[in-house]
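**Student:**
Residue numbers (my numbering): 47 to 233.
#1: Within the same chain, show all residues whose beta-carbon is closer than 7 Å to that of residue 141, passing over the 5 residues directly before and after it, in chain order.
#2: Leaving aside the five residues before and after residue 195 along the sequence, list all residues of the same chain whose C-beta is less than 6 Å from its C-beta, in chain order.
#3: Do the CB positions of residue 174 and residue 152 come within less than 8 Å of each other?
#4: What separation, rounded to the nearest whole angstrom, lies between the Cα atoms of residue 157 and residue 205?
#5: Quick one: grab the DSSP three-state call for residue 59.
#6: From residue 96 to residue 88, what distance separates their C-alpha atoms?
#7: When you compare only the Cα positions, how much space is there between residue 78 and residue 70?
#8: Whose CA, out of 61, 161, 55, 54, lies closest to the CA of residue 143?
#9: Give me the residue from 180, 150, 179, 177 with the minimum Cα distance to residue 168.
#10: So, with DSSP's three-state summary, where would you put residue 210?
#11: For residue 197, count the other beta carbons within 10 Å of its own beta carbon; 16 or more makes it buried, fewer makes it exposed. Which is it?
#12: Report the three-state DSSP secondary structure of residue 163 (helix, strand or coil).
#13: The alpha helix (DSSP H) with residue 149 in it runs from where to where?
#14: Since residue 191 is in the alpha helix (DSSP H), which residue starts that stretch and which ends it?
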């Protein structure tokens with residue numbers, strides 16, 4: 047035998063490390079239980095009662111209801127004293143919104159979503175029952191209202207009262223076709 051040559055041993059059987067089924071089965075059972083609990087939790091998460099989403103259904107107002115509401119707002123609009131900047135802006139915002147609402151009812155377009163320039167493009171003289179004087183009065187008012195609302199232009203209480211009367215006249219001409227023969231009841 048050469049001392050530099052490795053020594054070969056015979057193959058022996060399996061080594062006994064002392065692990066028996068009695069030691070392993072609690073671990074296997076615990077793993078199966080954890081797996082079942084995890085699967086149950088996933089199933090519960092998927093099938094849990096979810097909060098119901100209530101779709102916000104907006105039903106458009108009937109023209110009569112909307113015209114009645116607009117007429118009520120127009121009737122209740124007053125010029126308060128002192129007519130300071132927040133009052134001016136609120137007054138002209140409401141008066142402009144009411145006029146645009148009547149335009150929407152009469153012409154069938156969304157006048158509140160348009161600037162004055164865009165509104166002029168979409169409206170034709172035939173879509174509104176206004177003569178030349180009333181037509182220019184409407185555009186002059188919308189321009190003035192935008193200046194008061196957005197450019198902080200001053201307006202007196204007397205000017206606001208005059209505008210209110212002019213817009214009441216315009217709105218009476220712009221009643222929707224279904225209301226031309228009926229009187230709008232203000233509640």
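We treat Cβ as the ideally placed atom computed from N, Cα and C, and that holds for glycine.
**Tutor:** From the atom records:
#1: The count along the chain shown starts at 1 and reaches residue 141 at position 95. The residues are 123, 191, 209, 210, 213.
#2: The sequence position of residue 195 within the chain shown is 149, counting from 1. Hits under 6 Å: 135, 138, 139.
#3: As a first step, residue 174 must be located in the chain shown, where it is residue number 128. As a first step, residue 152 must be located in the chain shown, where it is residue number 106. Contact flag set, yes.
#4: Translated into the one-based positions of the chain shown, residue 157 becomes position 111. Translated into the one-based positions of the chain shown, residue 205 becomes position 159. Taking the straight line joining both Cα atoms gives about 24 Å.
#5: The residue labelled residue 59 in the question sits at position 13 within the chain shown. DSSP places residue 59 in coil when its eight states are reduced to three.
#6: Your numbering for residue 96 matches position 50 in the chain shown. Your numbering for residue 88 matches position 42 in the chain shown. Those two C-alpha atoms are separated by around 14 Å.
#7: In the chain shown, the residue the question calls residue 78 occupies position 32. In the chain shown, the residue the question calls residue 70 occupies position 24. Cα to Cα, the separation comes out at about 13 Å.
#8: Here residue 143 refers to the residue found at position 97 when the chain shown is read from its first residue. Checked all of 61, 161, 55, 54; the closest Cα to residue 143 is 161.
#9: Here residue 168 refers to the residue found at position 122 when the chain shown is read from its first residue. The shortest Cα separation from residue 168 among 180, 150, 179, 177 belongs to 150.
#10: Here residue 210 corresponds to residue number 164 of the chain shown, with the count starting at 1. Residue 210: helix per DSSP, three-state reduction.
#11: Residue numbering aside, residue 197 sits at position 151 when the chain shown is read from its first letter. The residue in question, residue 197, is exposed, as its Cβ has fewer than 16 Cβ neighbours within 10 Å.
#12: As a working note, residue 163 is residue 117 in the chain shown. Helix, per DSSP.
#13: Position 103 of the chain shown, counting from 1, holds the residue named residue 149. Start and end: 131–153.
#14: Walking along the chain shown from the start, residue 191 turns up at place 145. First-last of the alpha helix (DSSP H) with residue 191: 178–196.
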